[in-house]
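The number in our numbering is simply the position in the sequence shown, starting from 1, with 104 added.
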Amino acid sequence: MPALNKNNDTLADPEAREKTKQGLDTLIRVGAVVDGKIPEVSKAGDIETVTAILRDLLEPKFKAQIEPAAATIEYIAAIAGQLIDEKVVDVADWTENILAYLTVIVGEEEARSMADALRKRASPAAAAEAEVEPDEEEGEDLCNCTFNLAYGAKILLNQTHLRLKRGQRYGLLGPNGSGKSTLMRAINNEQVEGFPKKDEVKTVFVEHDLDAADTEQTVIGWTEKKLRDVGITTELSAIQEQLVEFGFVREQLESPITSLSGGWKMKLALARAVFEKPDILLLDEPTNHLDVKNVAWLEQYLVNSPCTSIIVSHDSKFLNNVIQHVILYDRFKLRRYRGDLTALVKRVPSARSYFELGASEMEFKFPEPGFLEGVKTKAKAIVRVNKMSFQYPGTSKPQISDITFQCSLGSRIAVIGPNGAGKSTLVNVLTGELIPTTGEVYQHENIRIAYIKQHAFAHIDNHLDKTPSEYIQWRFATGEDRETMDRANKIVTDEDEKAMDKIYRIDGTQRRVIGIHSRRKFKNSYEYECSFTLGENVGMKNEKWTPMMTADNAWIPRNEILASHAKMVAEVDQKEALASGQFRPLVRKEIETHCSFFGLDAELVSHSRMRGLSGDDE
């Protein structure tokens, strides 16, 4: 530790210094270092220490056997000391290694209880484990196994025990990146040693996002296919009836999954899981995108369901209403506590930070957006929507109807409503993902919009073999956001091409605009530098259009060019808006600094593939 302290003060390389700091923090945490004072080296595994404890245990009933069996006692102490040093705490391991020798001293009837008493008294790790109440619940065991879990080179769980009872509800709790979702995926993929296979115990995993490859299917078609994939053959009429019981209307059943809101997609995934009649239901953030009504429905379903459930959720109110036990990640072990989160915090106060924002030590730091050219007050509208409606093709009624509002720099707006009301649809229209059916959507020409979707992982899923740093470099390498280039408001339609055929009369010539390259201030607005094709014999049979030289470029005021080339204008506006932002070099060091503002460490950002990120890190 002194050497680490010295390196932390003297190393010039910031990355090496950061790793040194992480090592120090780990030593301080594991070694219980207080105010820089290093605790004494533990003597728990010394033969003398264990011998003294064993003699104390034998004293009340077997005092006469102690001296004659002194050599055997010392030999037992040596074995136990080795188990203590290796932090072996399982009763079976201790019994296997020392039971035969204790039997010689105390007899067969007393040997087993004596071995367990020695384990609990002599092993600090066993004493800490004993603080977690024993699992004495009645009922059928669905799982009772000891296993290890790792992801790549990172150890998540080491020789930990998991016991699940039929009909019980467990909340899985731990810090971000501890491996909660990884454990559930490993159970679902039959990769956990000792966990029953699916043909013995039916296990179903429900994630908070549907596979992007499934989104073109209908609701009932997707459900029928998923059931068929796991060997369940069900009549479509039975699936229809069950989905209706879950709250779906018959019109939704033949609609594509893309028409469902995030909440309805989550409910569909839950419905599919229930169809399979699982023994164990694995739920990863099940309340994501569910409205209050559907969260209440899910609570009632889980409470009344006969199946066992393991739940990962940041919704503490939901967990408190549902779970009967908490399984807590603690130093590479799973510790089980009876009761809800409130009961857990009374016993483990530090666990509060895992589900209460105010108790968390993590802080996000958002960069200042900077000056917005042309906007001098916080009251001026930067987004304006006037009598806007939107309707998905093939649906019977609009999802959004006759909406009018405006936003300014001072606006802080929450969009609330039940699942399927059109909240995400509204935001998608504002950002250009969707084109309004009727009405007008105005955005200030210098505005920069950042949008985190409900299903933001869709972008990441296409780049799983990149590191976060590589992905950010790819995404912004051109100075623009590549993930927004395919938005509906940037795609040139037949109507746009027709409008772009407009002929401008400049310097006695007839011209068509073929490109917009830059802009500059013009009175209270802007004018745009345009390149052209020159028209000859326009309107005649031998009409001809010839590209003009760059020297022939001309400037056209915004109000004139918008009528024919609105999407080209918007593209130039966006480039200028991005250029006016506070650009930083797109290099690894800057990306690591930026990501650190959101709780991502440099090693993960630069050296971990995105397929290995936890759900929280994604």
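The beta carbon of each residue, even a glycine, is placed where N, CA and C say it ideally should be.
Burial state of residue 462 (16 or more Cβ within 10 Å): Position 358 of the sequence shown, counted from the first residue, corresponds to residue 462. Any reading at residue 462 must be qualified, since the residue scores a pLDDT of 46, below 50, and its modelled position is unreliable; the value itself is stated next. Answer is exposed; the Cβ neighbour count stays below 16.
Straight-line gap, residue 536 to residue 659 (C-alpha atoms, nearest Å): Working through the sequence shown from its first residue, we reach residue 536 at position 432. Working through the sequence shown from its first residue, we reach residue 659 at position 555. Roughly 27 Å separates the two Cα atoms.
Beta-carbon proximity list for residue 290, same chain, < 7 Å, skipping 5 on both sides: Numbered from its first residue, the sequence shown carries residue 290 at position 186. Excluding residues within five positions, the ones whose Cβ falls inside 7 Å are 253 and 296.
Inter-stretch contact at 8 Å, needing at least 3 Cβ pairs: the stretch 622–632 / the stretch 647–664: The stretch 622–632 vs the stretch 647–664: in contact.
Exposure of residue 300, with buried meaning 16 or more beta-carbon neighbours within 10 Å: Taking the first residue of the sequence shown as 1, we reach residue 300 at position 196. By the neighbour-count rule (16 or more Cβ atoms within 10 Å), residue 300 is buried.
Distance CB(residue 108)-CB(residue 127) smaller than 7 Å: As a first step, residue 108 is located in the sequence shown; it is residue number 4 there, counting from the start. As a first step, residue 127 is located in the sequence shown; it is residue number 23 there, counting from the start. Going by C-beta atoms, residue 108 is nearer than 7 Å to residue 127.
The stretch 217–228 touching the stretch 160–169, judged by at least three CB pairs closer than 8 Å: yes
Residue 494 - partner residues in DSSP beta bridges: Here residue 494 corresponds to residue number 390 of the sequence shown, with the count starting at 1. 504.
Where the alpha helix (DSSP H) through residue 254 begins and ends: As a working mapping, residue 254 is identified with position 150 in the sequence shown. Looking at the DSSP string, residue 254 is not in any alpha helix (DSSP H); the run it does join, the beta strand (DSSP E), is 245–255.
N- and C-terminal bounds of the alpha helix (DSSP H) containing residue 158: For the purposes of this step, residue 158 is taken as the residue at position 54 of the sequence shown. From DSSP, the alpha helix (DSSP H) with residue 158 extends over 151–170.
Residue 273 (DSSP reduced to helix, strand or coil): Residue numbering aside, residue 273 sits at position 169 when the sequence shown is read from its first letter. It is a strand residue.
Cα-Cα separation between residue 185 and residue 144, rounded to whole angstroms: Start at 1 with the first residue of the sequence shown, and residue 185 comes out as number 81. Start at 1 with the first residue of the sequence shown, and residue 144 comes out as number 40. Each residue's Cα considered, the two are about 18 Å apart.
Nearest residue (CA-CA) to residue 358, options 380, 280 and 326: Your numbering for residue 358 matches position 254 in the sequence shown. For the residues 380, 280 and 326, the minimum Cα distance to residue 358 belongs to 326.
Proximity to residue 647 [Cα-Cα], best of 671, 670 and 614: Within the sequence shown, numbered from 1, the residue matching residue 647 stands at position 543. Comparing Cα-Cα distances from residue 647 to each of 671, 670 and 614, the minimum goes to 614.
Minimum C-alpha distance to residue 306 - residue among 413, 368, 707 and 260: The sequence position of residue 306 within the sequence shown is 202, counting from 1. Here the closest residue by C-alpha is 413.
Residue 491 versus 206, 376 and 541, residue with shortest Cα-Cα distance: Position 387 of the sequence shown, counting from 1, holds the residue named residue 491. Among 206, 376 and 541, the Cα nearest to that of residue 491 is on 541.
Top-ranked residue by Cα proximity to residue 575, from 516, 711, 538 and 532: Within the sequence shown, residue 575 is the residue found at index 471, counting from 1. The residue with the shortest Cα to Cα distance from residue 575 is 711.
7 Å Cβ shell around residue 422 - same chain, five flanking residues per side excluded: On the sequence shown, position 318 is the one that residue 422 refers to. Taking C-beta separations shorter than 7 Å and ignoring five residues to either side along the sequence, the partners of residue 422 in its chain run 391, 399 and 403, following chain order.
CB of residue 309 within 7 Å of CB of residue 406, strictly: Numbered from 1 along the sequence shown, position 205 holds the residue referred to as residue 309. Numbered from 1 along the sequence shown, position 302 holds the residue referred to as residue 406. No, the pair does not count as a contact, with Cβ atoms beyond the cut-off.
Proximity of residue 111 and residue 130 at Cβ, strictly below 7 Å: Here the question's residue 111 lines up with position 7 in the sequence shown. Here the question's residue 130 lines up with position 26 in the sequence shown. No. Outside cutoff.
Buried or exposed by the 16-neighbour rule on C-beta atoms within 10 Å, applied to residue 273: Counted from its first residue, the sequence shown places residue 273 at position 169. Counting other Cβ atoms within 10 Å of its Cβ, residue 273 reaches 16 or more and is therefore classed as buried.
Length of the line joining the Cα atoms of residue 287 and residue 277: Mapped onto the sequence shown, residue 287 falls at position 183. Mapped onto the sequence shown, residue 277 falls at position 173. Distance between the alpha carbons of residue 287 and residue 277: 12 Å.
Spatially closest choice to residue 695 from 674, 709 and 623, by CA coordinates: Working through the sequence shown from its first residue, we reach residue 695 at position 591. Checked all of 674, 709 and 623; the closest Cα to residue 695 is 709.
Closer than 6 Å: residue 153 CB and nearest the ligand SAM heavy atom: Judged by which ligands are present, the structure shown has none, so any question about the ligand SAM falls away.
8 Å contact criterion, which residue 486 and residue 448 should meet: CB distance rounded: The residue you call residue 486 lines up with position 382 of the sequence shown. The residue you call residue 448 lines up with position 344 of the sequence shown. Residue 486 to residue 448, Cβ: 46 Å. No contact.
Between the CA atoms of residue 509 and residue 283 - distance to the nearest angstrom: Along the sequence shown, read from residue 1 onward, the residue named residue 283 stands at position 179. Along the sequence shown, read from residue 1 onward, the residue named residue 509 stands at position 405. Cα to Cα, residue 283 sits roughly 44 Å from residue 509.
Residue 618 vs residue 635 beta-carbon contact at 7 Å: As a working note, residue 618 is residue 514 in the sequence shown. As a working note, residue 635 is residue 531 in the sequence shown. Result yes, Cβ atoms of residue 618 and residue 635 sit closer than 7 Å.
Secondary structure, alpha helix (DSSP H): runs of 4+ residues fully inside the stretch 313–378: 323–333, 340–349 and 354–357
Three-pair Cβ contact test at 8 Å for the stretch 516–534 versus the stretch 569–586: Contact between the stretch 516–534 and the stretch 569–586 is absent, because fewer than three Cβ pairs lie under 8 Å.
Cβ pair residue 654, residue 638 closer than 7 Å: For the purposes of this step, residue 654 is taken as the residue at position 550 of the sequence shown. For the purposes of this step, residue 638 is taken as the residue at position 534 of the sequence shown. Not closer than 7 Å, so no.
Where residue 453 sits in the DSSP three-state scheme: Residue 453 sits at position 349 when you count from the first residue of the sequence shown. It is helical.
Proximity of residue 424 and residue 445 at Cβ, strictly below 7 Å: Walking along the sequence shown from the start, residue 424 turns up at place 320. Walking along the sequence shown from the start, residue 445 turns up at place 341. Yes. Within cutoff.
First and last residue of the uninterrupted beta strand (DSSP E) at residue 429: Along the sequence shown, read from residue 1 onward, the residue named residue 429 stands at position 325. It spans 429–434 - the beta strand (DSSP E) in which residue 429 sits, taken as one unbroken run.
C-beta contact flag for residue 209 and residue 263 at 7 Å: Taking the first residue of the sequence shown as 1, we reach residue 209 at position 105. Taking the first residue of the sequence shown as 1, we reach residue 263 at position 159. Not a contact, by the Cβ cut-off of 7 Å.
Beta-carbon spacing of residue 151, residue 226 below 7 Å: Here residue 151 refers to the residue found at position 47 when the sequence shown is read from its first residue. Here residue 226 refers to the residue found at position 122 when the sequence shown is read from its first residue. Cβ distance not < 7 Å, so residue 151 and residue 226 don't count as in contact.
Within 7 Å, strictly: CB atoms of residue 332 and residue 569: Here the question's residue 332 lines up with position 228 in the sequence shown. Here the question's residue 569 lines up with position 465 in the sequence shown. Not closer than 7 Å, so no.
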